[in-house]
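Shown next, in structure tokens, is the structure this report addresses.
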Amino acid sequence: SKYTCDQAQTIEDCLKKSPKFCTAAGKQKGKELVIVKNARAITSHFPSVETPEKPVSVSCNKRQSSKLVMFHLLTRGGENIVRILKNRELQKGFPEITVYAYKGEKVKQALQRDGRFYSSVFTKNCVLSNASTEVEIEMSSLVNDLDSETFRIKLLDKSNPPTSQSGSLDDTYVLQSESQTSESGGHAELSQQTNTVKSETDNTVEKNRSLWKYDVKTMKKLMELSNSVCQVRINGKPRGSGFLLFGNFILTNAHVIQDFCNDNGGLNEQVAVTFSFESLEEKDGLIDVEEVVGIEKIPEVSGTDWALLKLSADQKLPDRLLTHSGFVRHSGGICIIGYPGNSVKKIDVCLVVSQENCKQVAERHWKDNQDCVQLLTDRFFENVAVDVQQRKQLLTYESCLYDGSSGSPVFNEDGNVVAMHTGGYPYVDAKGQKQGVIEFGYPFINIIERIIIQMVERENIIHAFVKLPHHVP
Numbered sequence: 001s002k003y004t005c006d007q008a009q010t011i012e013d014c015l016k017k018s019p020k021f022c023t024a025a026g027k028q029k030g031k032e033l034v035i036v037k038n039a040r041a042i043t044s045h046f047p048s049v050e051t052p053e054k055p056v057s058v059s060c061n062k063r064q065s066s067k068l069v070m071f072h073l074l075t076r077g078g079e080n081i082v083r084i085l086k087n088r089e090l091q092k093g094f095p096e097i098t099v100y101a102y103k104g105e106k107v108k109q110a111l112q113r114d115g116r117f118y119s120s121v122f123t124k125n126c127v128l129s130n131a132s133t134e135v136e137i138e139m140s141s142l143v144n145d146l147d148s149e150t151f152r153i154k155l156l157d158k159s160n161p162p163t164s165q166s167g168s169l170d171d172t173y174v175l176q177s178e179s180q181t182s183e184s185g186g187h188a189e190l191s192q193q194t195n196t197v198k199s200e201t202d203n204t205v206e207k208n209r210s211l212w213k214y215d216v217k218t219m220k221k222l223m224e225l226s227n228s229v230c231q232v233r234i235n236g237k238p239r240g241s242g243f244l245l246f247g248n249f250i251l252t253n254a255h256v257i258q259d260f261c262n263d264n265g266g267l268n269e270q271v272a273v274t275f276s277f278e279s280l281e282e283k284d285g286l287i288d289v290e291e292v293v294g295i296e297k298i299p300e301v302s303g304t305d306w307a308l309l310k311l312s313a314d315q316k317l318p319d320r321l322l323t324h325s326g327f328v329r330h331s332g333g334i335c336i337i338g339y340p341g342n343s344v345k346k347i348d349v350c351l352v353v354s355q356e357n358c359k360q361v362a363e364r365h366w367k368d369n370q371d372c373v374q375l376l377t378d379r380f381f382e383n384v385a386v387d388v389q390q391r392k393q394l395l396t397y398e399s400c401l402y403d404g405s406s407g408s409p410v411f412n413e414d415g416n417v418v419a420m421h422t423g424g425y426p427y428v429d430a431k432g433q434k435q436g437v438i439e440f441g442y443p444f445i446n447i448i449e450r451i452i453i454q455m456v457e458r459e460n461i462i463h464a465f466v467k468l469p470h471h472v473p
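Here UniProt numbering is used: position 188 in the sequence shown is 188, and no number is missing along the way.
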């Protein structure tokens with residue numbers, strides 16, 4: 001049978017609209033969905049049509065393209081890294097798989113989003129070797145010229161590949177800053193619109209600020225709960241933020257930890273957390289992480305950038321934040337507590353940006369940065385607005401917490417956790433300072449649902465989860 005899809009969505013989402021597919025899938029519960037395109041296996045979140053905008057991170061002097069790139073990988077790796085896929089059946093049943101990417105992305109980004117590869121592909125010094133020419137492509141290379149080519153993953157050596165900047169918000173979630181081009185028309189139109197938009201937006205913001213304030217009782221509660229927020233360190237260096245969820249389990253973003261653990265949850269590097277407010281030079285208060293008991297990252301699925309870390313036992317720990325959970329409201333104020341950059345624990349009180357106001361916020365940033373046209377064009381800010389509006393479940397806001405704050409809890413006006421801070425759309429302004437158009441977090445409830453689904457077979461973890469006196473939002 002044939003099913004035609006005319007909307008920008010994943011192939012799996014498209015298939016789920018077919019009653020025939022749903023009936024067949026219902027008979028195969030517990031099995032992985034394998035979709036075949038031109039005799040090659042593709043991932044279930046493969047785009048069904050070319051979507052116009054996708055979040056990618058590339059250098060500021062390259063123009064972003066929305067063109068889809070598809071390249072192929074042999075399912076057997078080279079010498080010393082023969083098994084590269086998590087699912088053995090893919091290697092048995094298919095000589096090649098297809099990976100999708102977008103022009104401007106790096107190879108590593110595309111493979112990580114794909115989700116079918118062993119972590120060793122990313123934690124060891126691997127390259128793509130062209131099956132025909134044997135030309136080697138590094139993981140940090142752009143995918144622009146890889147379309148329709150076939151590669152084998154090859155292990156150069158077992159040393160760790162160069163890591164991204166400590167505490168980075170992760171490449172997957174940031175849009176490219178485009179270079180100025182003669183094709184980027186529409187500046188005048190956007191500029192004319194923005195004066196009115198800025199005035200209206202500023203009036204709205206000032207009105208919201210006058211209506212919304214934290215009372216002393218809530219601030220005291222937040223100060224107490226801030227004790228549960230920790231910094232995640234890899235080999236002693238700051239990597240991201242997290243918080244005590246339940247038992248002795250820490251919740252953080254998958255992109256904070258994924259390069260440092262294997263597929264069985266074992267750690268390849270020394271991972272520890274600290275709940276301390278003190279200077280980062282102090283070694284007291286560090287608690288070792290024993291293992292990663294659960295991890296999931298699928299950018300196309302809301303709530304799937306999380307990792308659950310198990311701390312060593314017999315530790316005196318602060319309050320568990322699972323008992324302080326709430327639902328997302330796409331208006332009002334929020335409070336983020338985390339460790340931005342290499343600094344100590346900080347708090348940022350900011351306003352939620354509703355979906356309908358995202359375009360206005362992006363236009364305001366463009367208006368304020370027209371002196372930086374050699375790095376930014378109006379297209380960059382338009383891309384931000386479009387991308388955010390396509391990801392409707394996100395909680396979006398304007399925050400000043402950037403690198404290192406991934407995994408921070410986001411509290412509402414009642415002092416309850418409603419989201420986990422995950423990423424944003426950064427750029428460098430005319431003064432050379434890092435700014436963010438909009439930041440976002442995944443709803444806390446969505447993350448908890450995903451954790452329960454993955455942890456249902458881990459009795460010891462589920463027991464620690466269910467014995468808590470949960471707060472019902």
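For glycine and all other residues, C-beta sits at the position ideal for the given N, C-alpha and C. Source: prediction; values computed, not measured.
When DSSP labels each residue in this structure, what does residue i get in the three-state scheme?
i	result
M139	coil
I447	helix
D259	helix
K103	coil
P473	At P473, the pLDDT of 47 sits below 50, so the modelled position is not reliable; the number obtained from the coordinates is stated separately. Note: P473 maps to coil in three-state DSSP.
K108	helix
T323	helix
F122	helix
Between which two residues does the alpha helix (DSSP H) carrying residue i extend?
i	result
L222	V216 to L225
H365	C358 to D368
E89	R88 to G93
E291	Here E291 belongs to no alpha helix (DSSP H); instead the beta strand (DSSP E) covers L286 to K297.
D13	I11 to L15
F117	No alpha helix (DSSP H) contains F117, which DSSP labels as neither H nor E.
Can you round the beta-carbon distance between residue i and residue j to whole angstroms, since I take them to be within the 8 Å contact cut?
i	j	result
G333	D403	Not really, about 23 Å apart at Cβ, beyond 8 Å.
I97	A41	5 Å
L244	R320	5 Å
E356	E398	Wrong, their Cβ atoms sit about 15 Å apart, outside the cutoff.
V289	L309	5 Å
V384	I336	That pair is no contact at about 19 Å.
C230	V271	At roughly 12 Å, the Cβ-Cβ gap does not stay under 8 Å, so C230 and V271 are not in contact.
V437	A362	6 Å
Y118	L68	No, Y118 and L68 are not in contact; Cβ-Cβ is about 25 Å, not under 8 Å.
L267	I287	That belief does not hold up - the Cβ atoms of L267 and I287 are roughly 14 Å apart, past 8 Å.
Going by beta carbon distance, what residues of the same chain come within less than 6 Å of residue i, once the five residues before and after it are set aside?
i	result
G415	T218, K221 and L222
I295	A254 and A307
D157	N125
G326	N412, N416, V418 and P473
S228	F243, L244, P318, D319 and L321
V34	A41
L394	F440
Assuming residue i is part of the beta strand (DSSP E), what are its boundary residues?
i	result
T249	In the sequence as displayed, the identity of residue 249 is Phe instead of Thr. Its beta strand (DSSP E) spans residues F249 to T252.
C230	V229 to I234
V456	Segment: none, V456 is in no beta strand (DSSP E) and carries neither H nor E.
K20	From DSSP, K20 is part of no beta strand (DSSP E) but of the alpha helix (DSSP H) over P19 to G26.
A313	Where A313 is concerned, there is no enclosing beta strand (DSSP E), given that its DSSP letter is neither H nor E.
V36	I35 to K37
S241	K237 to F246
D157	T150 to D157
S129	N125 to N130
T274	V271 to T274
F71	L68 to L74
R40	R40 to I42
Excluding the 5 residues preceding and the 5 following residue i in the sequence, name in chain order all residues of the same chain whose CB lies nearer than 7 Å to its CB.
i	result
G240	G167, V232, T252, N253, V256, G404, S406 and G407
Q454	G294 and E296
E269	I234, N235 and F260
residue 491	As shown, the chain starts at 1 and ends at 473. That puts residue 491 outside it, with no answer to give.
R76	V82 and Q91
Q389	Q355 and C358
A131	L74, T150, F151 and R152
So, at 8 Å on beta carbons, what are the nonlocal neighbours of residue i in its own chain, with the 5 sequence-adjacent residues on each side left out?
i	result
N38	T98
G401	Correcting the residue identity first, residue 401 is Leu in this sequence and not Gly. Taken in chain order, the residues that qualify are I336, G338, P340, K346, D348, S408, H421 and E439.
Is the shortest distance between the beta-carbon of residue i and the beta-carbons of chain D less than 9 Å?
i	result
D215	Included in the structure is just one protein chain, with no chain D present.
> Can you list the beta strand (DSSP E) stretches of 3 or more residues lying completely in the stretch 377–419, in chain order?
Replying inline: 395–397 and 409–411
> What runs of the beta strand (DSSP E), each 3 residues or longer, lie entirely inside the stretch 329–353?
Replying inline: 333–338 and 346–351
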